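This report concerns only the one structure given below.
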Amino acid sequence: YYTGLAFAGTKDYQKAIEQYQKAIDDTASNSLDKKVDVLKKLSDTYGEMEDFPKAVETYKIFLAEKEKPTMNEFAALGTLHSKHADKLTDALEKEAALKRADAVYQEMGEKYQDAIEYATYMRANINSKLDPDSKKGLAKPYYEQLVSLLASKADRSKADNNLLTTAYHYLMAYNFLVKNDKATAKEFANKILQISPDYAPAIQIRDLK
Numbered sequence: 072y073y074t075g076l077a078f079a080g081t082k083d084y085q086k087a088i089e090q091y092q093k094a095i096d097d098t099a100s101n102s103l104d105k106k107v108d109v110l111k112k113l114s115d116t117y118g119e120m121e122d123f124p125k126a127v128e129t130y131k132i133f134l135a136e137k138e139k140p141t142m143n144e145f146a147a148l149g150t151l152h153s154k155h156a157d158k159l160t161d162a163l164e165k166e167a168a169l170k171r172a173d174a175v176y177q178e179m180g181e182k183y184q185d186a187i188e189y190a191t192y193m194r195a196n197i198n199s200k201l202d203p204d205s206k207k208g209l210a211k212p213y214y215e216q217l218v219s220l221l222a223s224k225a226d227r228s229k230a231d232n233n234l235l236t237t238a239y240h241y242l243m244a245y246n247f248l249v250k251n252d253k254a255t256a257k258e259f260a261n262k263i264l265q266i267s268p269d270y271a272p273a274i275q276i277r278d279l280k
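72 is the number of the first residue of the sequence shown in our numbering; add one for each residue after it.
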């Protein structure tokens, strides 16, 4: 394991992988905690090599072997799928990778109730990538859900306000550019300006005649 870490540190990834695989064989029967540590490092190494299919495959084993994966550990699988999508040039393969990421965040929101706002935001983000011109409105239900989760929250943090602003911006732009509904777009612009009075895109929409 530590030899693998050393090789990974010098970016000799192939030798690191060999050592990690040996470590997994050595620890499989006597140390589950160490095995999951090695699986995580092995997945990270495949990710550094941008071999995302193997990174994802290994990470799924890591999640299955770990007794109680944390919210962040679960979310990292969605990140791997998204990074894979970013590297793909075939449109259908890219779409499939993004849909796998979306499925991870859907499951994350169901498994970890404290993560519902983040999971909803990530689903909105992924669906925006699946619908870059917003004509299908794929991200719309997730941004609307995010608004319902955050708008009435009494103790919103700065991060909450940033997420809410992002949701309002999408809905403002969607109504203005796709639905040609200037009045509704202005409503969302005003909601943004209540949070961030200097937000230039919202000012432009608000001031349209």
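A virtual CB, placed ideally from N, CA and C, is assigned to each residue, including glycine. What you are looking at is a predicted structure, and each value in this text was computed from that prediction instead of being measured.
- Counting only the Cα atoms, Gln-177 lies some 9 Å from Ile-187.
- Within a 10 Å sphere around the beta-carbon of Leu-248 sit fewer than 16 other beta-carbons, which makes this residue exposed.
- Assigned with DSSP and collapsed to three states, Thr-141 falls in coil, not helix or strand.
- Take the alpha-carbon of Ala-260 and the one of Glu-128: they are about 43 Å apart.
- Nearest to Thr-237 by C-alpha distance, out of Tyr-214, Arg-227, Glu-164, is Tyr-214.
- Annotation: the continuous alpha helix (DSSP H) that includes Met-179 extends over 162-182.
- Under the Cβ criterion (8 Å, minimum of three pairs), the region 218-235 does not count as touching the region 201-210.
- In this structure, Tyr-72 and Lys-105 form a Cβ contact; the two beta carbons are roughly 7 Å apart against a cut-off of 8 Å.
- Per DSSP, the continuous alpha helix (DSSP H) segment holding Asn-233 begins and ends at 229-244.
- Boundaries of the alpha helix (DSSP H) harbouring Asn-261: 253-266, taken from the DSSP string.
- For Val-249, there is no enclosing alpha helix (DSSP H), as DSSP marks it with neither H nor E.
- In the three-state DSSP reduction, Tyr-270 falls in the coil class, being neither helix nor strand.
- The region 186-205 and the region 164-178 touch, with three or more beta-carbon pairs separated by less than 8 Å.
- By the criterion of a C-beta distance shorter than 7 Å, Lys-253 is surrounded in its chain by Phe-247, Leu-279, once the five residues flanking it on both sides are discounted.
- The region 84-95 and the region 110-123 touch, with three or more beta-carbon pairs separated by less than 8 Å.
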